[in-house]
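Shown next, in structure tokens, is the structure this report addresses.
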Amino acid sequence: MASIELKSLRKAYGAAEVIKGIDLSIEHGEFCVFVGPSGCGKSTLLRMISGLESVTSGDIEIGGEVVNKIPAADRGLAMVFQSYALYPHMTVRQNLSFGLENIQTPRAEIESKLNDVAGMLQIDMLLDRRPKDLSGGQRQRVAIGRAVVREPKVFLFDEPLSNLDAELRVDMRGEISALHKRLGNTMIYVTHDQVEAMTMADKIAVLRLGELEQFGRPLDLFNDPHNLFVAGFIGSPKMNFMTGVVHSADRSLLTLDTGEEVSLPVTGFAHRAGEKVTLGVRPNSLLPDPNGSIHIQVRAVEQLGTDSYLYGQLADGTRLTVHNPGQTQVQAGENVALSFAPDAVHLFDTDTTLTLREAP
Amino acid sequence: MSRVWEFLTATRGNGRLDWTDWITYGYLALGVFLMFFPVIWLLLSSFKTEADLQRFPPTFLPYQQETLMVDGYEEPLPLFLMTEGEFEGRVLAQVRRVGLQAQMVDPANPEERLRVTIDQREPVEQVSLAWENYAGLFERFNFLQFFWNSTFITVTATLLMLLVNSMAAFALSKYEFRGRTVVLLLVIGTLMIPQTVVLVPLFLIVTELGMFNSLWGVIIPGAATPTGVFLLRQYMITIPDEILDAARMDKASEWKIFWRIIVPLSAPAIAVLAILAIMWRWNDFLWPLIVLTQTENFTLQLALNSFQGELQTDWSSLLAMTVLTLLPIAMVFMFLQKYIATGIASTGGK
Chain E
505 MASIELKSLR
515 KAYGAAEVIK
525 GIDLSIEHGE
535 FCVFVGPSGC
545 GKSTLLRMIS
555 GLESVTSGDI
565 EIGGEVVNKI
575 PAADRGLAMV
585 FQSYALYPHM
595 TVRQNLSFGL
605 ENIQTPRAEI
615 ESKLNDVAGM
625 LQIDMLLDRR
635 PKDLSGGQRQ
645 RVAIGRAVVR
655 EPKVFLFDEP
665 LSNLDAELRV
675 DMRGEISALH
685 KRLGNTMIYV
695 THDQVEAMTM
705 ADKIAVLRLG
715 ELEQFGRPLD
725 LFNDPHNLFV
735 AGFIGSPKMN
745 FMTGVVHSAD
755 RSLLTLDTGE
765 EVSLPVTGFA
775 HRAGEKVTLG
785 VRPNSLLPDP
795 NGSIHIQVRA
805 VEQLGTDSYL
815 YGQLADGTRL
825 TVHNPGQTQV
835 QAGENVALSF
845 APDAVHLFDT
855 DTTLTLREAP
Chain D
27 MSRVWEFLTA
37 TRGNGRLDWT
47 DWITYGYLAL
57 GVFLMFFPVI
67 WLLLSSFKTE
77 ADLQRFPPTF
87 LPYQQETLMV
97 DGYEEPLPLF
107 LMTEGEFEGR
117 VLAQVRRVGL
127 QAQMVDPANP
137 EERLRVTIDQ
147 REPVEQVSLA
157 WENYAGLFER
167 FNFLQFFWNS
177 TFITVTATLL
187 MLLVNSMAAF
197 ALSKYEFRGR
207 TVVLLLVIGT
217 LMIPQTVVLV
227 PLFLIVTELG
237 MFNSLWGVII
247 PGAATPTGVF
257 LLRQYMITIP
267 DEILDAARMD
277 KASEWKIFWR
287 IIVPLSAPAI
297 AVLAILAIMW
307 RWNDFLWPLI
317 VLTQTENFTL
327 QLALNSFQGE
337 LQTDWSSLLA
347 MTVLTLLPIA
357 MVFMFLQKYI
367 ATGIASTGGK
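Which chain is which? The protein sequence lines are E and D, in order. Note that our numbering has the first sequence beginning at 505, numbered continuously upward. Note that our numbering has the second sequence beginning at 27, numbered continuously upward.
In structure tokens form, the structure reads like this:
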């Protein structure tokens, strides 16, 4: 069993604390994605799990065993690096077999494992080439192959797709997901791209500034973000935020900073009358409506054929994005009135940034 | 070959010689002359006999007087062309010379002795290589012993130096440890101390360790050089850490990472250092001169020095041995020169 447990894990470089106490539990066989903006500590966290980075305090458990003191090589993990980190002076075959040779695997066994993996990743015709003669996608496959061939308990991926072009990235995304289904191993995948996180993960851990903001299934994060950061980070295009004050007498009315009044759901959220709140509405929940209570001036229009996006701003300068299925006649510079369904909103406490949603 | 010719005859354009071409080729020709003339002069002079070397004015090519076996004489006799007097135009062989007079014979008629004054004749000469200069090195001097000493010192010292320097460079470039910068600064700092300053203390240490008059006394003090450590370190810094991390995940020991990853990837820099080390060791003179005092331990450079006596210098042997001393280093250069260019280029960037 290769479940992974992080217990109040900390990492500091001198006075600078980069991982500030993370508790996380990844089940055996789960595909877990660490996502966050650059500098959030996600790569450091991965390197701590791998053993390449030391632990300042807290515990890392793999399969129930504390591995803090166990060197990287003996943790039974394999890692795919952002730069692929293939050995440039070795052929693909030597790259794949290097790890097996180091644990004194018999020649014949190396050969058979190597052929299995090469066949699976369709790199069998590349075995005698060197990394510099491969394309980005091929290098990526070899790097994954090098991890797979050692049959590790857990796979670690450190932004493996960030050096590929957009089209290849989508392909490789599918392949890594397929690989996970086939092998059934625990995998931890680090990315700054929330689309990768949403499409591949069983569980997503959103990190910011060395702290775990939220951990859960992709759609749970999307539907029920715990705070403003997660709400803004998960989902593309980003969620729209508008600040305002709840009506002092009526909890179902919100006065936005622009003075416009919108209606709020009374149940499901724990907002109090007179409280300062931030209203979050996803772009696809904002609908053009001549009777709508929110008025924006459209600054730009993007027509994608099947979808169109309106980029506008409120009277106080707050920017809003509106997703419109199909094509739109709206031109830049026009004023548009918007409304939204009350059940499509998220409410956050402006001061603490935490969600006001009541636990069911 | 045609491309070489094309390169050598390139002009500024339009196929004709521009004035800049004249200057360029003139400058290059001067450079070639300055660099190659001494070497060619050395090579040709090494084939001159001792007499030919002493001649004034000197000749460019090695000449020797022609000799002929004449019936009735045991030794070959030197030939002269008569320039004036009664035998003008004939080629005679000299039997003996007394003062300004010489006894000559006509090779066609060896019985009759002819008396001539020496200003009536000039020697018959032809270009001839005095191979005996080289043969003498092996017969009269223990050239092979010197050659072996030099080779042993060069090869062993170079290997030892590459090993020590690359390990130090690996540690200084890839490991984070307390005092790393201090160590590096110390290493670089030693570059500022001239070797002559530490000559005496170094000599005392070598003597204390019982390496005086031993080849190891020459080899070991030069095993670690700040230049080498610095050069290799600068190169190794450019090797991405992720590759080492990948190797660690692949269960490679640090020792294995060094041999299987770092050394092959630093090959260009190591090649440059190897070439430099070979040149340094081969041409080294001062330190071997101090440590080695017995002739059987002499390197080629010391042997060359010993030809130069206080009163007399054996020029023909000296020149011949200089040529033989130059050859190996020229060979090393010819075979490794492409690594020098690529190595130096790649230690600079990326």
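Cβ coordinates follow ideal geometry from the N, Cα and C atoms, glycine included.
Host beta strand (DSSP E) of M691 (chain E) (start-end): 690-695
Start-to-end residues for the beta strand (DSSP E) that takes in P829 (chain E): 823-829
Burial state of N839 (chain E), where buried means 16 or more other Cβ atoms lie within 10 Å: exposed
First through last residue of the beta strand (DSSP E) which encompasses V190 (chain D): First-last for V190 (chain D): 169-200, but that is the alpha helix (DSSP H), not the beta strand (DSSP E).
C-alpha distance - W67 (chain D) paired with M61 (chain D), whole-angstrom precision: 11 Å
Minimum Cβ-Cβ distance from E268 (chain D) to chain E less than 8 Å: Yes, contact with chain E.
Straight-line Cα distance separating D847 (chain E) from T854 (chain E): Cα-Cα distance, rounded: 20 Å.
Reduced DSSP secondary structure (H/G/I, E/B, other) of M275 (chain D): helix
Neighbour-count burial assignment, P88 (chain D), 16 or more Cβ in a 10 Å radius: With 16 or more other Cβ atoms within 10 Å, it is buried.
Interface partners of I287 (chain D) on chain E, CB under 7 Å: Y591
Cβ neighbour criterion (16 or more within 10 Å) applied to S279 (chain D): When all chains shown are included, S279 (chain D) counts as exposed.
Proximal residues of chain E, C-beta to C-beta of M262 (chain D) below 7 Å: None at all; the shortest Cβ gap to chain E is about 14 Å.
K74 (chain D) burial status per 10 Å Cβ neighbour count (16 or more: buried): buried
Endpoints, the beta strand (DSSP E) within which V226 (chain D) is located: Per DSSP, V226 (chain D) belongs to no beta strand (DSSP E); it is in the alpha helix (DSSP H), 221-234.
Host beta strand (DSSP E) of L858 (chain E) (start-end): First-last for L858 (chain E): undefined, no H or E at that position.
Nearest-angstrom Cβ-Cβ length linking F535 (chain E) and M704 (chain E), presumed shorter than 8 Å: Contact flag correct, Cβ pair sits at about 6 Å.
8 Å Cβ cutoff, D271 (chain D) in contact with chain E: So, interface residue.
Proximal chain E residues relative to P1 (chain D), where beta-carbon distance stays under 7 Å: The structure shown does not extend to residue 1 (chain D), since chain D is modelled only from 27 to 376, so the question has no answer here.
Three-state class that DSSP yields for Y813 (chain E) in the structure shown: strand
Supposed close pair L105 (chain D), V150 (chain D) - CB separation, criterion 8 Å: With a Cβ gap of about 4 Å, L105 (chain D) and V150 (chain D) count as contacting.
Whole-Å CB distance - R786 (chain E) paired with M743 (chain E), under 8 Å assumed: 5 Å
Rounded straight-line distance, which links the Cα of Y99 (chain D) to that of E112 (chain D): 24 Å
Short CB-CB distance (under 8 Å) between A848 (chain E) and chain D: It does not; no Cβ of chain D falls within 8 Å.
Exposure of I566 (chain E), with buried meaning 16 or more beta-carbon neighbours within 10 Å: buried
Contacts of A841 (chain E) in chain D (Cβ-Cβ under 9 Å): Chain D residues near A841 (chain E): none, gap ~53 Å exceeds 9 Å.
CB contact check: L516 (chain E) to chain D, cutoff 8 Å: It should be pointed out that residue 516 (chain E) corresponds to Ala in this sequence rather than to Leu. So no, A516 (chain E) is outside the interface.
Per-residue contacts from K282 (chain D) into chain E (C-beta, under 8 Å): Contact of K282 (chain D) with chain E by beta-carbon distance below 8 Å involves N606.
Within-8 Å CB hit, S666 (chain E) to chain D: No, its Cβ sits nowhere closer than 8 Å to a Cβ of chain D.
Three-state class that DSSP yields for F745 (chain E) in the structure shown: strand
Bridge-paired residues (DSSP) for R514 (chain E): E:K524, E:S561
Residue-chain proximity (M275 (chain D), chain E), Cβ-Cβ < 8 Å: yes
Limits of the alpha helix (DSSP H) - the one that N331 (chain D) falls within: For N331 (chain D), the enclosing alpha helix (DSSP H) covers residues 326-333.
T35 (chain D) classed as buried or exposed, judged by whether at least 16 other C-beta atoms fall within 10 angstroms: Looking at its Cβ environment, which holds fewer than 16 other Cβ atoms inside 10 Å, T35 (chain D) is exposed.
Under 7 Å by beta carbon: chain D residues contacting A582 (chain E): M275
Within-8 Å CB hit, G640 (chain E) to chain D: no
The segment 561-577 of chain E in contact with the segment 639-647 of chain E per 3-pair CB rule at 8 Å: no
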